[in-house]
Every structure is written in C-alpha cells, then in structure tokens.
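A.B. asks:
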Amino acid sequence: MGRMRWTAALAALLVAACGGGGTKTPDDSGGDGTGGTGGGGGTGGGGDGGGGGGGGAGGGVAPTVDPPVVVGQFRFWSAGQGLVGEVSDVSADEAGNVYVAAGEAVYAKTRAAQEFRRFDADDAGLTKNCHDAAGIATPAPADPAVMCPVISVAGATPNRAIVGFRGVGTDGDTDADWAVDSGGADVVTFDGTTLARERHVRVATPPGYVCEFFVPGTGDEQCFGWDPFMVGGRRKMRQVQRIVVNHDARRPRSYGDALLGGTHASIAILVANPEDRGWQDLTGGDPAWADARSVFEHEHPAIYAHDQFLTGEAWALAFDPTSNVPWYANQFRMASLPGYASMARPSVTALHGLWWGNQEPPLPHLWIWEEDADPVDASKRDGVQSIAFCDDGTMWVGSESHGLAFRGSRDATFTKVGSPPDGGGVLAVACDPLDRGVWVGLSWGGFARYRGGRWIRDIAWDALPASARGPVRSIQIDRWASPRIVYLAHLASKFGPGGVTAYDGP
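For the sequence shown, the numbering used here assigns the number 2 to the initial residue and increments by one for each residue that follows.
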C-alpha cells in the first residue's frame, strides 16, 4: 500500500527532570499532535491572554467550500472543505458541536452543519503568548506575541470546549519567563456562530508552595531562599497535547473536570467545581496568577533509568468509568491517580505543593511490553500513545511500537493484540459504546476496528480520500448523538493535508 511510516516522528522523547535541566525534544512536527481518547479525551507572557476574562469574540469565517466527501456512512473534511492548517484533534461537546484543533485556528460547527467555521486569535480572543522560538532565552522579545499553535481540543459541557496550545520549548526552567508561560489552554464557548474565550488556563503552581533545592541536612524541610520554584512558581507543561473532560454527570463534584497531558507533565487537572470540593486557592487573589486558579499542576509516572530521570511526554489520558479514576502514560510507564476519585481535594503539603494521593501502581509503575524504558530505542519502551475504557471497565492501550493491548475489568494482566497488517503502530483508541468494539488510529495511515477478536476495515484503502490516509492522531465519540458519531483526526502525510473523518453507521 506504500503507506507512510510515521512512527519515526515520535522516536525522540523528552527526557527531563521535574526541576531544571536539559530536555530532549522531538525533531519532527509529527510529535506535536494529540492522541488517544478518553473513557467516555502570566507574569512573563507579554501577550493578551492573561487575566482569565474572556477575550474578544467574532463570527469566524465560513468560506464557500465543497461539501464533505461521502462514502457510505463516512464523511470526510479536508482542505477542499475549508479545513486549512495542521489538523491534530477533533472532539464534540455535549450539545453536539464539533471542534477541530488545526494549528493556526480552531474550527467549529454544529452537529447538523456541513461546513466548519474558522476562528483564529483575533476572531475569538484566543490567548497570544508565543514569540519566535529563537528568542527562547530573550526576556523581552521584540516581536509581538502571537497565538501558539492549537494542537488539542476536548468538547466539554454543552456549547463549551477546551483547546490546548503548543508553547515554545518544553520544560527548561532557565528559559525566559515568556517561554515558560507560553502555551497552556483556553476554555471557549460556541453558540453555533461565535466562538469566544472564557478563560485562559495556566498550568502552574504559584510561588511559595514547591521547593526544588533543599538546604542539605534539613531533611527536605528548609528551602533555599533563591529557589526558582519558591520565587517564580512551578510551570512545567507548555505543550498541552491531550485533553479529556469528565462527562459523568452521575458524579456532580467531578463533572466537567478536565485532564490535561503534554510535555513533562503526564496529567494536570482543571477543576470545574472548586467550591464543591472546598478547593484551596493557592493564587491568593494575585491577578498575576489568576489563570492558575483551580489547577492541579502535575503528576507523572517518571522513573530513573539509563542514568536519566525520564518524564517523557503524554498523549494518553482516560477516566475509568467504573471508578472515576484517571489513568495516564508518559511513553515509559502508566499509572493512575485514585485519590482524584476518593479525595474531595488535594492536600497542600509544605514545600511540595498539592498532593492528590499516591500513584497506583507505585514505582516502578506499570508497563505492558518493555520494562527497559530506553529513551533512545523506541522498540525498547512501551511507547503508549492512547488509553481508552469501555463502559464495563475494559481498558484498551495503544502503543506506537507494539500495537494494541487490553485488560478486562476483572483481569490481572493485559492481552496483547498487536496491529493489523500494514498498519504500523497505534496512535489512538476509542471504545465504541454501540458494541464495545474498538476504533484504532494507525501510525502508517488510516484506521481499523478491532471487534470480536478480529480486525475489520470498514472502507477499502483505495476508497479513502487522500486526507483520510494520514495517520490518525485522535479518535473521539459524540455519545450524545443518536446514533453516536465517531470522529477521527488525521495528520498531514505524504498523501496530502490532514483532515477529519466522521462515521455514524453501525
């Protein structure tokens, strides 16, 4: 089939400590997407995105374009249908509105509409906090702040979504303040015509709560006065590559919460109902930190291996619907955070910030295929890109190197499935609520279903439009439609621009 090998684009991983220190970043833009599906997925910025109050709004642009390509019960949108940009994610909110993360803009439409409307920073008041990456060490760049590329999106409660940005750099604590504060996420609203920012989300712990450098001999109870986190706060996630919203209305305290995963931090949490949780506001009312309110800054299943502290980067996030426990992976290990489900709020620990309970399983955490956790050889690490749960608690995991695996809710171990012929690795998985089959996005392009112990291709490769032959980075399902609608986000490839696929068949 001559399909593109995309897996190599993820071969280079971030390798960074929670504190300062060097990082290794992917050298291919393919690694800047967002992957997987859920169980249902400042002070130095110099831009106009701070302060939380929603920015300007506009009607967007709905140009005259071709209608979606229709093949059976599949519909396809790409450049010919007005989706111009680096498509990397697609998601529906509970009202059925559909949002696309496309680099230079967010695209949105109602469920029934045939055309997407385009919204950039000026149309919707989206946050502008990026500068030229060449000035990452320059405290006051000469160029104006612009919107960082939009790389992830998650539909939330009706007519709301959260979009994630690719900030400049990864987690170098010595970078200029504007770079450390770049990226993050915006909460937006959409009424079918107008998209508007509601607030910016700065993934950070304010100053005074986290210590990086303790005075020797004090038992980690005394921090140096110059400690960078104590003075400037801890800010580790600039690139928000995956967002998953808690849609379980049976649990009102956590309904509407959002998990965020990306560079360095495997999971951060934006709390939707802080008052119901008795949340402690660490911002202290300081307007400079207002965008960090209601944020649990980060956790990760990091390990020491190969003489390095491996934090990796995250695309895989999901809620177990039977327990409300979030799961996450950083390419080397997986873990869960049970305290999220059992504790109303995290505790505030002296010099260590917010603590929402221990990760499970504990160190060395969980792996399915490769214990080695090699930061150079992709075949010698798990390379998890996506996690999804079925309603009965069956857990599905997709790996860029090893394919698909699953664990039943009563199983102790995972069953390894692999990948279909000519499929490459797995970048995205989603459990179909209709039949508990699994939709799988493939790194060599296209998609398949795994159901009843066999691989199914619903549409022949030659029948796919060029855009639908690109690697599938994200699969998300509109469960509020009848019948449900499966959305797939295709990355650009040698076949042409990326795009979006929708399916409402059996």
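Where is the CB? At the ideal position from N, CA and C, for every residue including glycine.
Every value quoted in this text rests on a predicted model; they were computed, and no experiment measured them.
1) Could you check the C-alpha separation between Asp94 and Gly173 for me, to the nearest Å?
2) Within 10 Å of its beta-carbon, does Gly234 have 16 or more other beta-carbons around it, so buried, or fewer, so exposed?
3) Tell me, please, which residues DSSP counts as bridged to Ile304.
4) Tell me whether Tyr108 sits in a helix, a strand or coil according to DSSP, three-state version.
5) With which residues is Gln240 paired in a DSSP beta bridge?
6) For Val326, tell me which candidate among Val101, Ala317, Ser337 and Cys149 has the shortest Cα-Cα distance.
7) DSSP puts Tyr488 in a beta bridge; with which residues?
8) Between which two residues does the beta strand (DSSP E) carrying Val91 extend?
9) Hey, Ile304 and Leu364 are a contact pair by Cβ (cut 8 Å); roughly how many whole angstroms apart?
10) Return yes when the Cβ of Val66 is within less than 8 Å of the Cβ of Phe77, no when it is not.
11) Where Gly424 and Ser402 are concerned, what is the direct C-alpha to C-alpha distance, given to the nearest angstrom?
12) Are three or more beta carbon pairs between the region 466-483 and the region 430-441 nearer than 8 Å?
13) Less than 7 Å between C-beta atoms, sequence neighbours within five positions excluded: which residues of the same chain meet that for Ser183?
14) Hey, how far is the Cα of Arg1 from the Cα of Ala162?
15) Could you round the C-beta distance between Ala103 and Ile244 to whole angstroms and report it? I think they count as a contact, below 8 Å.
16) Considering only the beta carbon of each residue, do Val398 and Tyr451 sit closer than 8 Å?
17) Name the DSSP bridge partner or partners of Ser324?
18) If distances are taken between C-alpha atoms only, which option among Asp90, Met344 and Glu371 comes closest to Ser324?
19) Applying the 10 Å Cβ sphere with the 16-neighbour rule, what's the burial state of Arg198?
20) If you follow the alpha helix (DSSP H) that Ala122 is part of, which residue opens it and which one closes it?
21) With His491 and Val88 assumed to form a contact (beta carbons below 8 Å), what rounded beta-carbon distance in angstroms separates them?
22) Return the CA-CA distance between Asp178 and Asp282, expressed in angstroms with no decimal places.
23) What do you get for Val232, buried or exposed, if any count of 16 or more other CB atoms within 10 angstroms of its CB means buried?
24) Helix, strand or coil for Val211 per DSSP?
25) Taking only the alpha-carbon atoms, compute the straight-line gap between His353 and Ala180 and give it to the nearest angstrom.
26) How far does the alpha helix (DSSP H) with Ala342 in it extend, from its first residue to its last?
27) Comparing alpha-carbon positions, which option in Val246, Ser468, Arg458 and Gly279 lies nearest Ala389?
28) At which residues does the alpha helix (DSSP H) containing Glu199 begin and terminate?
29) Going by Cα to Cα distance, which pick from Ala106, Gly384 and Ala319 is closest to Asn331?
30) List the whole-angstrom C-beta distance separating Gly83 from Arg119, where the pair is believed to meet the contact cut-off of C-beta under 8 Å.
31) How long is the line joining the alpha carbons of Pro322 and Gly394, rounded to whole angstroms?
C.D. replies: Walking through what the data contain:
1) 34 Å
2) buried
3) Leu311
4) strand
5) Arg167
6) Ser337
7) Gln477 and Ala503
8) Asp90 to Ala93
9) 7 Å
10) no
11) 11 Å
12) yes
13) Gly46, Asn130, Cys131, Cys149, Gly168, Val169 and Arg239
14) Any question about residue 1 goes unanswered here, given that the chain covers just 2 to 507.
15) Between Ile244 and Ala103 the Cβ distance is about 15 Å, and since that is not below 8 Å, they are no contact.
16) no
17) Per DSSP, none; premise fails for Ser324.
18) Met344
19) buried
20) Ala122 to Ala125
21) 6 Å
22) 23 Å
23) exposed
24) strand
25) 24 Å
26) Gly340 to Ser343
27) Val246
28) Here Glu199 belongs to no alpha helix (DSSP H); instead the beta strand (DSSP E) covers Leu196 to Val202.
29) Gly384
30) 7 Å
31) 6 Å
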